[in-house]
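The C-terminal residue of the sequence shown carries number 732 in the numbering used here, and the numbering is unbroken. Backbone N, C-alpha and C fix where the C-beta goes; we use that ideal spot for every residue, glycine too. Bear in mind the structure is a predicted one, so any value in this text is a computation, not a measurement. Here is the structure we will look at.
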Amino acid sequence: MRKNIITLVTVLFVGLSANAQKVEFEEYDLSNGLHVILHQDNSAPVIALEVLYNVGSKDEVDGKTGMAHFYEHLLFTGTQNIPRGKWSEIQSSRGGSGNATTNWDRTNYYETFPSNELKLALWMESERLLHPIVDQKAVDTQNEVVKEEKRQRMDNAPYGKIQYGMVYKHLFDKHNYGRPLIGFIKDLDNAKLEEFKAFYDKWYMPNNAVLVLAGDFQKKEAKSLIKSYFGTIPSRTLPKRVKIIEPERTKEKRVTEYDSNIQLPAVVLMHKTPSMRDREAKVLDVISTILSDGKSSRLQKKLVENKKKALAVFSFGRAMVDYSVYTIGAIPLGKNSLDDLIKEMDEEILKLQTELISDEDLQKVRNKFENRFVSSNSSVQGIASSLASNYMLMGDTHRINNELEIINSITKEEIRAVAKKYLAKSRRVVIDYLPTSKKK
293 MRKNIITLVT VLFVGLSANA QKVEFEEYDL SNGLHVILHQ DNSAPVIALE
343 VLYNVGSKDE VDGKTGMAHF YEHLLFTGTQ NIPRGKWSEI QSSRGGSGNA
393 TTNWDRTNYY ETFPSNELKL ALWMESERLL HPIVDQKAVD TQNEVVKEEK
443 RQRMDNAPYG KIQYGMVYKH LFDKHNYGRP LIGFIKDLDN AKLEEFKAFY
493 DKWYMPNNAV LVLAGDFQKK EAKSLIKSYF GTIPSRTLPK RVKIIEPERT
543 KEKRVTEYDS NIQLPAVVLM HKTPSMRDRE AKVLDVISTI LSDGKSSRLQ
593 KKLVENKKKA LAVFSFGRAM VDYSVYTIGA IPLGKNSLDD LIKEMDEEIL
643 KLQTELISDE DLQKVRNKFE NRFVSSNSSV QGIASSLASN YMLMGDTHRI
693 NNELEIINSI TKEEIRAVAK KYLAKSRRVV IDYLPTSKKK
């Protein structure tokens, strides 16, 4: 057991050599529509398996929110052939581990195992798709788990509404991205068992999924096992998706949010930006890096180190399929006001909108993205995740190898143009994020 644990830990530290930057993979479809991607790497006796389903919280309907995230938990209950509550026990007893995540666009299930447990890993994932336990006992149990997760991560976490997108309701008036990722608890409380089953039947099928296997295996054997475990699972007709068009904002909107878990306020500038598939989304990633990534970033140097007006600054993009969200924010230090921080941040944004960044700054950004690429693809689990996301969300598996090329092709002129286009004051929502004690 100790040997298995050590082996699995090494998967996190398998570096890429200079001539192995390109991720090699093979992809194909089973007859039932399941897309399969294989990345063979026999350098360590470990496999990573990921099954990503093209369903997230944006696919929920009014009055029945929270289903996508709920299934992230529910599908660990057990199956017709895996006893209730024994999923994790079986995994760990064979040296494996696994988990799942949900966002607005997708739900993924992933695990790592010693490579001699390939059959077990594939069988368990096929069981999750083919024979899950979805009964009232499972629903009631997981409902309490979801409520506790909401309490810990959102209700009781400082600045949790910002981190988990609970404030997106102010940015999206029509699109489902404005709903809480976890849904509304009252909807889950009111949902009937038949409605939970209907959501599963609507979205969980092989022709709405991608399976990625990465690590120590032989392709001939892997293909045979994948076909054996997944090939007979029937496909079904997927519902037609219609993208909800979110109108462009033409006037700045300012709102107030309260958080009982904080003592220091924050100010947040939130912008609706293009789909993660759009080149401009990568330009905004570059802009975010320039503004607040690291001690040498512009907002960090100006507001935290030099002027000492902010305790902390942050900016991040949340990449999504229909639209993305770009957030900039700061927590004031001492008696500095939120309006003062807005003024300072706007000055830096204006510089990006009107001036070209230096060659030195552009090269720094490129270096950071190269380091991120190496880091994210330094384990078979990371590669499996990247391959799945690039196929399903980006619409192009080869994007895993084109990412740096795209970043390195971004020009200083593009950065200026995109900053001017998407960071305009008229497009944004400003949030005064205050302690509940300030509520009048």
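Taking the beta carbon of residue i as the centre, do at least 16 other beta carbons fall within 10 Å, making it buried, or is it exposed?
i: residue 682; result: buried
i: residue 485; result: exposed
i: residue 525; result: buried
i: residue 307; result: Residue placement at residue 307 is poorly supported in this model, since its pLDDT is 37, which falls under 50; the coordinates still yield a value, given next. Residue 307 comes out exposed.
i: residue 634; result: buried
i: residue 313; result: exposed
i: residue 616; result: buried
i: residue 674; result: buried
i: residue 398; result: buried
i: residue 320; result: exposed
i: residue 442; result: buried
i: residue 687; result: exposed
i: residue 303; result: Caution is warranted here: a pLDDT of 40 is assigned to residue 303, below 50, making its placement in the model unreliable, and the coordinate value is therefore given only provisionally. Looking at its Cβ environment, which holds 16 or more other Cβ atoms inside 10 Å, residue 303 is buried.
i: residue 392; result: buried
i: residue 387; result: buried
i: residue 566; result: buried
i: residue 659; result: exposed
i: residue 677; result: buried
i: residue 444; result: exposed
i: residue 695; result: buried
i: residue 368; result: buried
i: residue 434; result: buried
Hey, could you find the ends of the alpha helix (DSSP H) residue i is sitting in?
i: residue 332; result: Taken as a continuous stretch (DSSP letters only), residue 332 belongs to no alpha helix (DSSP H), being part of the beta strand (DSSP E) at 327-332.
i: residue 562; result: That residue, residue 562, is in no alpha helix (DSSP H); its beta strand (DSSP E) goes 558-565.
i: residue 689; result: Here residue 689 belongs to no alpha helix (DSSP H), and DSSP marks it neither H nor E.
i: residue 363; result: 359-366
i: residue 436; result: 428-442
i: residue 761; result: The requested residue 761 is not part of the displayed model; the chain covers only 293 to 732.
i: residue 573; result: 571-584
i: residue 588; result: It is not in any alpha helix (DSSP H) - residue 588 carries neither H nor E in the DSSP assignment.
i: residue 646; result: 630-646
i: residue 653; result: 651-668
i: residue 706; result: 704-714
i: residue 383; result: 379-385
Would you kindly report the start and end of the unbroken beta strand (DSSP E) that includes residue i?
i: residue 400; result: 399-406
i: residue 550; result: 545-551
i: residue 724; result: 720-727
i: residue 606; result: 602-610
i: residue 340; result: 338-345
i: residue 413; result: Counting along the chain, residue 413 falls outside any beta strand (DSSP E), though it belongs to the alpha helix (DSSP H) covering 410-422.
i: residue 392; result: 389-394
i: residue 540; result: Note, residue 540: premise wrong, no beta strand (DSSP E); not H, not E.
i: residue 319; result: 318-321
Going by the beta-carbon positions, is the gap between residue i and residue j smaller than 9 Å?
i: residue 509; j: residue 383; result: no
i: residue 349; j: residue 473; result: yes
i: residue 535; j: residue 465; result: no
i: residue 595; j: residue 340; result: no
i: residue 352; j: residue 475; result: yes
i: residue 602; j: residue 622; result: yes
i: residue 576; j: residue 584; result: no
i: residue 684; j: residue 502; result: yes
i: residue 619; j: residue 480; result: no
i: residue 469; j: residue 345; result: no
i: residue 679; j: residue 522; result: no
i: residue 588; j: residue 656; result: yes
i: residue 401; j: residue 417; result: yes
i: residue 528; j: residue 499; result: yes
i: residue 707; j: residue 644; result: yes
i: residue 672; j: residue 404; result: yes
i: residue 363; j: residue 550; result: no
i: residue 376; j: residue 413; result: no
i: residue 547; j: residue 724; result: yes
i: residue 636; j: residue 599; result: yes
i: residue 642; j: residue 705; result: no
Would the beta-carbon of residue i be found less than 8 Å away from any heavy atom of the ligand ATP?
i: residue 634; result: The model on display carries no ligand, and the ligand ATP is accordingly not part of it.
Cβ contact (3+ pairs, closer than 8 Å) linking the segment 310-330 and the segment 515-522
yes
Inter-stretch contact at 8 Å, needing at least 3 Cβ pairs: the segment 547-558 / the segment 448-456
yes
Pairs of beta-carbons, one from the segment 716-726 and one from the segment 560-569, closer than 8 Å: are there three or more?
yes
Just to confirm the assignment: which complete alpha helix (DSSP H) runs, minimum length 4, are found wholly within the segment 489-537?
511-522
Per the contact definition of three or more C-beta pairs closer than 8 Å, is the segment 689-700 in contact with the segment 659-675?
yes
Pairing CB atoms from the segment 362-376 with CB atoms from the segment 404-424, are three or more of them under 8 Å?
yes
Which complete alpha helix (DSSP H) runs does the segment 444-489 hold, if anything under 4 residues is left out?
452-455, 477-482
How about the segment 603-618 and the segment 576-583: do they share at least three Cβ pairs that are nearer than 8 Å?
yes
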